[in-house]
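Please read the structure below before turning to the comments.
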Amino acid sequence: MCLSLTATVFRPDCDCAMHFLVLLSLLAPLAVAQSNLSRTQLVRRILRDYNKKLRPVSEYGQTSIAVGVFVRRIQKINEKEQTMTINAIVSMTWRDPRLSWNQTTYNASSSITIQPFNIWQPDLTVFNAAKTDEAVLKYWRIPATVTRDGVVAVSQDFRFTVSCKFDFFHFPFDQQSCSAVLSAWMYDATEIDWNWMEDLTAKASSLQDDYRRRSNYGLASWQLVNTSYRRLYWSPSGYTESLHGLNQKDVWTAMVVDIVVKRKRPYFYVADAIPNFIFALLTLFAFWIEDSNVVLAMIMLSLLGQAAFSWGILKQLPPSSGKTPKIAAANGFNFAITGFALIAHILFPHLKAIRTENVVFVRLVEYANRWKIFRWKGINWRSEMAERLVDEESTSESDLRPSDIPRNPAFLARRALFMLVVAVEVLFIFAYLLA
Numbered sequence: 001m002c003l004s005l006t007a008t009v010f011r012p013d014c015d016c017a018m019h020f021l022v023l024l025s026l027l028a029p030l031a032v033a034q035s036n037l038s039r040t041q042l043v044r045r046i047l048r049d050y051n052k053k054l055r056p057v058s059e060y061g062q063t064s065i066a067v068g069v070f071v072r073r074i075q076k077i078n079e080k081e082q083t084m085t086i087n088a089i090v091s092m093t094w095r096d097p098r099l100s101w102n103q104t105t106y107n108a109s110s111s112i113t114i115q116p117f118n119i120w121q122p123d124l125t126v127f128n129a130a131k132t133d134e135a136v137l138k139y140w141r142i143p144a145t146v147t148r149d150g151v152v153a154v155s156q157d158f159r160f161t162v163s164c165k166f167d168f169f170h171f172p173f174d175q176q177s178c179s180a181v182l183s184a185w186m187y188d189a190t191e192i193d194w195n196w197m198e199d200l201t202a203k204a205s206s207l208q209d210d211y212r213r214r215s216n217y218g219l220a221s222w223q224l225v226n227t228s229y230r231r232l233y234w235s236p237s238g239y240t241e242s243l244h245g246l247n248q249k250d251v252w253t254a255m256v257v258d259i260v261v262k263r264k265r266p267y268f269y270v271a272d273a274i275p276n277f278i279f280a281l282l283t284l285f286a287f288w289i290e291d292s293n294v295v296l297a298m299i300m301l302s303l304l305g306q307a308a309f310s311w312g313i314l315k316q317l318p319p320s321s322g323k324t325p326k327i328a329a330a331n332g333f334n335f336a337i338t339g340f341a342l343i344a345h346i347l348f349p350h351l352k353a354i355r356t357e358n359v360v361f362v363r364l365v366e367y368a369n370r371w372k373i374f375r376w377k378g379i380n381w382r383s384e385m386a387e388r389l390v391d392e393e394s395t396s397e398s399d400l401r402p403s404d405i406p407r408n409p410a411f412l413a414r415r416a417l418f419m420l421v422v423a424v425e426v427l428f429i430f431a432y433l434l435a
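Under the UniProt record's numbering, the first residue of the sequence shown carries the number 1, and numbering increases by one thereafter.
Following this line, the structure appears as structure tokens:
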């Protein structure tokens, strides 16, 4: 006996306290094991008769699912194939009544984690995926969180490539927009009601704005401008924003993520624009040179330089299925103007001198005298002896006053074409390039 009786008073035996402490030390691990076993039993009970092939049905017959997408990084933009590869965290939440339990029965557990492949999950699919192996977004790496009310929350990072339609008309200052269309492939609008997670969407937008201010947010040559979210409905007749007049059995809810990126070309003006501008000025400067040999050499140099730089720009241009990019049109226009100037300067020496008796030419000379640009002399690199011979020929054939322009059709045509080329280039810049 651990206790002995003396009169009417119980007295503890000397070894009784030691036995009691040993008993407590043996029961403590069993209590902890019982606590862990309760959570394990909860998962087993939930999944014992659970059929993950059946969609959880609410009192309205639909399964309401909220989805959120946080674009972490633009990994790649393939301009030739017109695709965009995106790294994003995709989160979903829905309610499955079959996964609920009584909190007081199982060790007061308010939430548990279950492997997503053991429960039902929507077959979230990227409808415009460019690669078939990235179309279906399967949750399997990170456990799903389930609350006692049966609310399931899953979140995982994915990488998927979507097809886009790029427009390179404003290259290299273009902005490109690409959309990722998410929905369930097997369930129409009568079975799943998709919505955006408003809190997660607002948080994702603020995080993207903050990250965009601190980094390039992906590729070095592209900058993420904006990410917006829409909910549309797709039917065989196309996308619409309303279900009015549509048979919901033939409609799928489409969750659309619109991504806008902007090209970054910090060295474009130094590497491409300024050289072509210099070559254009070289062509205009040729109209003010009197030596035909120097003029032809200068224009040929301008043509070769434009050809070299235009080839470099054309190699950077992606294939375009829409309008011709402005930069390609500008280089083509500049090349055409230079070619026209070359042909004109080849023909100038073959113009015959027109005598004073020609009434039309005399009137043109009188009208040109009103403009100072026709009185300015050009640059001449001829030798002193050649200039003296030219002066003797010009003074013997005409008696011009010092303020008159030379009565030479080549001189008059050169100045007139200079004004025409300048007017056309200015009109092209303001009407096309800056439009």
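We treat Cβ as the ideally placed atom computed from N, Cα and C, and that holds for glycine.
Going by other Cβ atoms of all chains shown within 10 Å of its Cβ, with 16 needed for buried, is residue i buried or exposed?
| i | result |
| --- | --- |
| asparagine 51 | exposed |
| asparagine 128 | buried |
| asparagine 102 | exposed |
| serine 310 | buried |
| lysine 326 | buried |
| glutamine 316 | exposed |
| leucine 412 | buried |
| glutamate 397 | Because glutamate 397 sits at a pLDDT of 44, beneath the cut-off of 50, its placement in the model cannot be relied upon, and the point is left open. |
| isoleucine 346 | exposed |
| glycine 68 | buried |
On a Cα-Cα basis, can you pick out the residue from the options that is closest to residue i?
| i | options | result |
| --- | --- | --- |
| leucine 284 | Gln82, Arg415 and Thr83 | Arg415 |
| alanine 198 | Leu47, Ala66 and Leu54 | Going by the sequence as given, residue 198 is glutamate instead of alanine. Of the candidates Leu47, Ala66 and Leu54, the one whose C-alpha sits nearest the C-alpha of glutamate 198 is Ala66. |
| threonine 161 | Gly238, Gln175 and Ile86 | Ile86 |
| tryptophan 252 | Met298, Lys262, Ala184 and Asn195 | Ala184 |
| phenylalanine 169 | Leu47, Asp193, Val57 and Arg263 | Arg263 |
| leucine 42 | Val126, Lys53, Thr105 and Asp96 | Thr105 |
| tyrosine 187 | Asn226, Ile77, Ala286 and Ser64 | Ser64 |
| threonine 240 | Leu232, Asn247 and Leu246 | Leu232 |
| asparagine 118 | Ser242, Pro143, Phe279 and Asp272 | Pro143 |
| glutamine 176 | Ala297, Asn78, Asp250 and Arg48 | Asn78 |
| lysine 323 | Tyr432, Pro275 and Arg55 | Tyr432 |
Identify the continuous alpha helix (DSSP H) that holds residue i and give its terminal residues.
| i | result |
| --- | --- |
| asparagine 334 | 326-347 |
| glycine 305 | 292-316 |
Would you call the CB atoms of residue i and residue j closer than 7 Å?
| i | j | result |
| --- | --- | --- |
| valine 154 | methionine 92 | yes |
| serine 100 | glycine 61 | no |
| serine 302 | proline 349 | no |
| phenylalanine 166 | glutamine 82 | yes |
| phenylalanine 158 | leucine 137 | yes |
| asparagine 334 | alanine 280 | yes |
| arginine 39 | serine 111 | no |
| glutamine 115 | tyrosine 139 | no |
| methionine 255 | cysteine 164 | no |
| valine 261 | tryptophan 222 | yes |
| proline 172 | phenylalanine 277 | no |
| lysine 80 | proline 236 | no |
| isoleucine 313 | alanine 341 | no |
| tyrosine 229 | tryptophan 196 | yes |
| phenylalanine 70 | isoleucine 89 | yes |
| glutamate 417 | alanine 344 | The amino acid at residue 417 is misidentified as glutamate; the sequence shows leucine. The answer is yes: Cβ separation under 7 Å. |
| alanine 180 | valine 257 | yes |
| glutamine 248 | alanine 328 | no |
Taking DSSP as the reference, what is the three-state secondary structure of residue i?
| i | result |
| --- | --- |
| tryptophan 288 | helix |
| leucine 54 | coil |
| isoleucine 274 | helix |
| threonine 105 | coil |
| tyrosine 139 | coil |
| isoleucine 46 | helix |
| serine 396 | Its pLDDT being 46, under 50, serine 396 is placed unreliably by the model, and the measurement read from it follows with that caveat. It is helical. |
| arginine 265 | coil |
| arginine 72 | strand |
| leucine 434 | coil |
| alanine 189 | coil |
| aspartate 199 | helix |
| phenylalanine 418 | helix |
Where does the unbroken beta strand (DSSP E) through residue i begin, and where does it stop?
| i | result |
| --- | --- |
| residue 441 | Nothing about residue 441 can be read from this structure; the chain reaches only from 1 to 435. |
| leucine 232 | 222-235 |
| isoleucine 114 | 111-114 |
| serine 91 | 83-95 |
| glutamine 121 | Where glutamine 121 is concerned, there is no enclosing beta strand (DSSP E), given that its DSSP letter is neither H nor E. |
| aspartate 250 | It is not in any beta strand (DSSP E) - aspartate 250 carries neither H nor E in the DSSP assignment. |
| tryptophan 194 | 192-196 |
| residue 473 | The displayed coordinates of the chain run from 1 to 435. Any statement about residue 473 would go beyond what the structure contains. |
| serine 242 | No beta strand (DSSP E) holds serine 242; DSSP gives it neither H nor E. |
| alanine 130 | First-last for alanine 130: undefined, no H or E at that position. |
| alanine 144 | 144-147 |
| leucine 99 | Looking at the DSSP string, leucine 99 is not in any beta strand (DSSP E), and its letter there is neither H nor E. |
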